Amino acid sequence: MSEQQPEGISARAGRATWSAMRSSGRAVRGQVVHMVGGPARARVVTLFGCVLGLNSAATATVGAVAPQLESAFHISNTEIGLLSSISLLVGAIFAIPVGLLVDRTKRIPMLCFGIVLWSVASFIGGLAKSYDALLLSRLALGAVAATAGPAIASLTGDYFAADERGNIYAYILGGEILGTAVGFIVAGDIASLISWRAAFIILALPGFFLARSLWRTVPEPLRGGQSRLLVGAEGFTGAGVGTAGGSDGDGSSNAQEAAFGGFPRVEANMAQEEAIRRGVRPDPRLILRENPDTMSLVGAVRYILAIPTNVLMIISSSLGYFYFAGLQTFAVLFVVRHYGASQGTANLVLGLLIIGMVIGTFVSGSLTDALLKRGVLQARIVTPAICYFGAAALLVPGVLIDKLTPALWFDVGGAALLAAANPPLDAARLDIMPARLWGRAESTRTFLRSLAQAIAPLLFGAISNLVVGITPEQTPVGTHAKHHAESGRGLEACFLILLAALFAAGWFLLKARNTYPSDVATAGASQQFAASQP
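Read in order, the letters of the sequence shown are residues 0 to 533 in numbering that gives the first Met the number 0.
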């Protein structure tokens, strides 16, 4: 009897703990649902964030298990960088044709197929017996990079109104950041406790469930804002889905289309309304006077790259993602080599960086939406510029300081500002582009951004090796203490040199503030012209 009593107490304590965890989970879920505006909207935001998180997790995992890969395959920083670069390069190659499909076919099935392919490739990577085999498995991982960005940009534009897209993008990009956390922290711990192979295999499993949930949960929306999800929507049918600009009370999209001569109603874009209030005139040379659906791929890309603000934002965003791609690939190695920290300490540092990035993302999305509502038309351009300059300034002491504790807080602030630039930029891209070109516009950006990301790990690794003047043949990587210290110094110099990319990103955005109002007005004029055509 005395032996059974402790077991009974333990069982009751376990049930109480499980009940408390479930209650906490329901409370967190309820808070998320409240913040995004209802259950249906929360499901869309959560699933979209998870899709972006997959690709981010894959790239981060390479950096998290880099020490184990060094020892297993006797490779250098350059070869580790190539593992991240190859999937990004494949994504860049396929981005443009995928954008055409996004604008002309159903997007949800495309995403589901890409997710399944990603999971299979990650699983196969965990079974690779050589570096070359692992490198080949990374090729298929470009599928999510190619499909996720264009498809989610187009779907977000159709499901959510223009005046809240900065905030909505903040929540979606929060999933991308959490994917980085999973790749760094969870995969790093798995690699330390089990092996790097287990990290790749276990990471592949959630993708299959995500594809199933996306297929069964989120319907394909009508294009042009006709499937706008209203605040408080419980589901995706009936009163839960409104037309652009809201419901007229009877929930009938047909009645609203009839009121506009049989055409879908043109969304009242807050940025475009502010441009009109200021008397900003559209550029007559850039008003789109042909049907976007029948434009050739070359013609569409030529038009997309003719919009000045779009080009400047693509360059700026690519530079920001370039630095972040290199940072996430070598962050664990830098913390371990530069500070002599353990893998567990490195993961704790990365956890704090992730928290900073999440906070920065959420604050910037809400802040820029609020500023736009107050009439600050260029808020979605100027705010990211300030973030890039601030991130670069904070990361300088964060890299130079030799003590982990003071350096960490500069790094957390820099990471927060680096992530904060993305939500307003993603929302601004939809402001300056006709809705029927959203997929191809995002695929064009994805192509150029992915090229920058693909180059980054290779360049970071090559510069760090160049600085220390060491090659794998001279000193086998991962087997010599002196190499560890020299590798840390090489990465320190590399991080500082390439901070120039963040300063350049801010400078290009400052130039874009002059063209943004006109391009916003031009996009509105293009939408009106399209709605006036039979």
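We put the CB at the ideal spot given by N, CA and C, even for glycine.
For clarity, every value in this text was computed on a predicted model and none was experimentally measured.
Through-space distance from residue j to residue i, alpha-carbon basis
{"i": "S517", "j": "A71", "result": "55 angstroms"}
{"i": "I306", "j": "Q526", "result": "15 angstroms"}
{"i": "A492", "j": "G460", "result": "11 angstroms"}
{"i": "V44", "j": "A152", "result": "12 angstroms"}
{"i": "T514", "j": "L416", "result": "24 angstroms"}
{"i": "Y387", "j": "A529", "result": "36 angstroms"}
{"i": "L508", "j": "L110", "result": "31 angstroms"}
{"i": "S316", "j": "R448", "result": "7 angstroms"}
{"i": "S121", "j": "K105", "result": "25 angstroms"}
{"i": "R336", "j": "A65", "result": "12 angstroms"}
{"i": "R137", "j": "A56", "result": "13 angstroms"}
{"i": "N346", "j": "F183", "result": "7 angstroms"}
{"i": "V348", "j": "V300", "result": "41 angstroms"}
{"i": "R534", "j": "A390", "result": "In the structure as shown, the chain begins at 0 and stops at 533. Residue 534 is therefore absent and cannot be evaluated."}
{"i": "A524", "j": "Y170", "result": "30 angstroms"}
{"i": "T360", "j": "A455", "result": "22 angstroms"}
{"i": "R222", "j": "I353", "result": "34 angstroms"}
{"i": "Y590", "j": "S295", "result": "Since the first and last residues shown for the chain are 0 and 533, residue 590 lies out of range."}
{"i": "R280", "j": "A520", "result": "6 angstroms"}
{"i": "V240", "j": "Q327", "result": "Residue placement at V240 cannot be trusted, given a pLDDT of 44 that sits under 50; the coordinates are not used to answer."}
{"i": "A63", "j": "P291", "result": "43 angstroms"}
{"i": "I314", "j": "I385", "result": "16 angstroms"}
{"i": "W506", "j": "T404", "result": "31 angstroms"}
{"i": "A150", "j": "A91", "result": "15 angstroms"}
{"i": "V331", "j": "R488", "result": "14 angstroms"}
{"i": "V101", "j": "A41", "result": "23 angstroms"}
{"i": "T443", "j": "R428", "result": "12 angstroms"}
{"i": "A324", "j": "D188", "result": "21 angstroms"}
{"i": "L202", "j": "V181", "result": "9 angstroms"}
Residue range of the alpha helix (DSSP H) that includes residue i
{"i": "G413", "result": "403 to 419"}
{"i": "G37", "result": "Counting along the chain, G37 falls outside any alpha helix (DSSP H), and DSSP gives it neither H nor E."}
{"i": "E552", "result": "Missing from the structure shown is residue 552; the chain here goes from 0 to 533 and no further."}
{"i": "P516", "result": "515 to 531"}
{"i": "P66", "result": "65 to 72"}
{"i": "L304", "result": "Run containing L304: none; DSSP gives neither H nor E here."}
{"i": "S191", "result": "186 to 192"}
{"i": "F208", "result": "195 to 216"}
{"i": "T293", "result": "From DSSP, T293 is part of no alpha helix (DSSP H); its letter is neither H nor E."}
{"i": "A161", "result": "No alpha helix (DSSP H) contains A161, which DSSP labels as neither H nor E."}
{"i": "G505", "result": "499 to 511"}
Three-state secondary structure assigned by DSSP to residue i
{"i": "L534", "result": "As displayed, the chain neither begins before 0 nor continues past 533, which places residue 534 out of reach and without an answer."}
{"i": "S118", "result": "helix"}
{"i": "K372", "result": "helix"}
{"i": "Q377", "result": "coil"}
{"i": "A232", "result": "coil"}
{"i": "F321", "result": "helix"}
{"i": "L82", "result": "helix"}
{"i": "V535", "result": "The question about residue 535 has no answer here: the residues shown for the chain are numbered 0 through 533."}
{"i": "G477", "result": "With a pLDDT of 40 at G477, under the threshold of 50, the modelled position of that residue is not reliable, and no figure is offered here."}
{"i": "A139", "result": "coil"}
{"i": "E219", "result": "coil"}
{"i": "A180", "result": "helix"}
{"i": "L326", "result": "helix"}
{"i": "M432", "result": "coil"}
{"i": "I313", "result": "helix"}
Beta-carbon spacing of residue i, residue j below 7 angstroms
{"i": "A145", "j": "F207", "result": "no"}
{"i": "S226", "j": "D157", "result": "yes"}
{"i": "G52", "j": "G178", "result": "yes"}
{"i": "P433", "j": "L285", "result": "no"}
{"i": "S363", "j": "N166", "result": "no"}
{"i": "Y322", "j": "Q452", "result": "no"}
{"i": "P423", "j": "T382", "result": "yes"}
{"i": "G413", "j": "L394", "result": "yes"}
{"i": "S86", "j": "L135", "result": "no"}
{"i": "I95", "j": "V217", "result": "no"}
{"i": "G148", "j": "T445", "result": "yes"}
{"i": "C49", "j": "G234", "result": "no"}
{"i": "Y168", "j": "A426", "result": "yes"}
{"i": "L490", "j": "F329", "result": "yes"}
{"i": "L318", "j": "A503", "result": "yes"}
{"i": "A210", "j": "I114", "result": "yes"}
{"i": "M269", "j": "L204", "result": "no"}
{"i": "V310", "j": "G36", "result": "no"}
{"i": "I380", "j": "R512", "result": "yes"}
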